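>
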């Protein structure tokens with residue numbers, strides 16, 4: 001009896017683990033399509049259609065959509081279903097200002113806690129950006145870019161603030177990709193991070209703050225000026 005009970009619990013855990021992995025994979029696939037614009041702003045999404053398309057259960061789809069809703073990439077409204085979130089310049093501008101405030105205001109904490117592991121991780125992420133740029137893969141470049149800035153802020157040791165930055169980063173990149181001109185210089189985009197690494201290596205808070213503020217303010221090189229002409233934090 002004990003063996004049967006243990007087997008049942010193990011089987012349930014395995015099933016939940018597989019479901020969780022599948023929902024995470026679906027979340028990542030849908031996130032990519034939304035960021036790249038394959039799924040258009042305001043486009044309706046139904047659990048049944050997505051379940052058929054990805055050959056999974058509606059429960060798996062529901063979990064993935066809930067995570068996308070938490071990121072603000074979809075809107076789930078009672079009696080109105082799920083739609084891809086809009087991507088407006090006003091939202092992008094507000095999120096860019098919030099991002100700059102979050103990233104640039106606590107660099108003294110980052111520098112005070114910087115160590116060899118942080119330097120190593122950031123260089124690995126820069127190499128990831130470089131490889132994606134050489135492959136012409138703008139989405140993977142954005143993934144490594146977001147990882148770079150998230151890892152840098154992680155050193156500030158402000159875990160309740162980090163999710164705010166995560167949301168800002170994904171929406172900044174989505175807006176940039178959806179509004180950018182084709183054939184942008186992806187390798188130059190990756191190399192923009194090198195001066196930030198140099199300032200961090202020198203443990204120069206003032207230089208790091210100035211470079212990072214300019215980096216953020218000039219992330220969008222098209223359409224409306226989201227920086228309002230101000231590159232300082």
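Numbering (full-length UniProt numbering), first residue to last: 1 to 233. Don't be surprised by glycine CBs; every beta carbon is placed ideally from N, CA and C. Small disclaimer: the values here were computed from a predicted structure and weren't measured.
1) Can at least three beta-carbon pairs, one atom from the segment 87-99 and one from the segment 43-53, be found at a separation below 8 Å?
2) For residue 74, which of helix, strand or coil comes out of DSSP?
3) Rounded to whole angstroms, what is the Cα-Cα separation between residue 169 and residue 55?
4) Once the 5 residues before and after residue 136 are set aside, which same chain residues still bring their CB inside 7 Å of it?
5) Rounded to whole angstroms, what's the CA-CA distance from residue 7 to residue 23? Just pull it up for me.
6) How would you write the range of the alpha helix (DSSP H) that residue 111 sits in, first residue to last?
7) Would the segment 113-124 and the segment 56-76 be scored as touching if the rule is three or more Cβ pairs under 8 Å?
8) Rounded to whole angstroms, how far is the Cβ of residue 122 from the Cβ of residue 132, which I believe are closer than 8 Å?
9) Which residues does DSSP list as the beta-bridge partners of residue 83?
10) Just verifying my parser: in three-state terms, what is the DSSP assignment at residue 56?
11) If distances are taken between C-alpha atoms only, which option among 161, 108, 177 comes closest to residue 210?
12) Between which two residues does the alpha helix (DSSP H) containing residue 133 stretch?
13) Is residue 203 helix, strand or coil by DSSP?
14) Could you check if residue 165 is buried or exposed, using at least 16 other CB atoms within 10 Å of its CB as the buried criterion?
15) Leaving aside the five residues before and after residue 42 along the sequence, list all residues of the same chain whose C-beta is less than 7 Å from its C-beta, in chain order.
16) Residue 35 and residue 177 - do their beta-carbons sit closer together than 9 Å?
17) Could you tell me the distance, in whole angstroms, from the CA atom of residue 71 to the CA atom of residue 27?
18) Which value, in whole angstroms, describes the spacing of the CA atoms of residue 203 and residue 111?
19) Please state whether the Cβ-Cβ distance between residue 39 and residue 217 is less than 9 Å.
20) Whole angstroms is fine: what's the gap from residue 158's alpha carbon to residue 114's?
Working from what's here:
1) no
2) If DSSP states are grouped into helix, strand and coil, residue 74 belongs with the strands.
3) When rounded, the distance between both Cα atoms is 30 Å.
4) 186
5) Here the model assigns residue 7 a pLDDT of 43, short of 50, so the residue's position is not dependable, and the following value carries that caveat. C-alpha separation (whole angstroms): 24 Å.
6) Taken as a continuous stretch (DSSP letters only), the alpha helix (DSSP H) holding residue 111 covers 107-113.
7) no
8) No, residue 122 and residue 132 are not in contact; Cβ-Cβ is about 16 Å, not under 8 Å.
9) 44, 75
10) coil
11) 108
12) Element bounds for residue 133: 116-134.
13) coil
14) buried
15) 83, 84, 86
16) Against a cut-off of 9 Å, the Cβ pair of residue 35 and residue 177 comes out as a contact.
17) 11 Å
18) 6 Å
19) no
20) 14 Å
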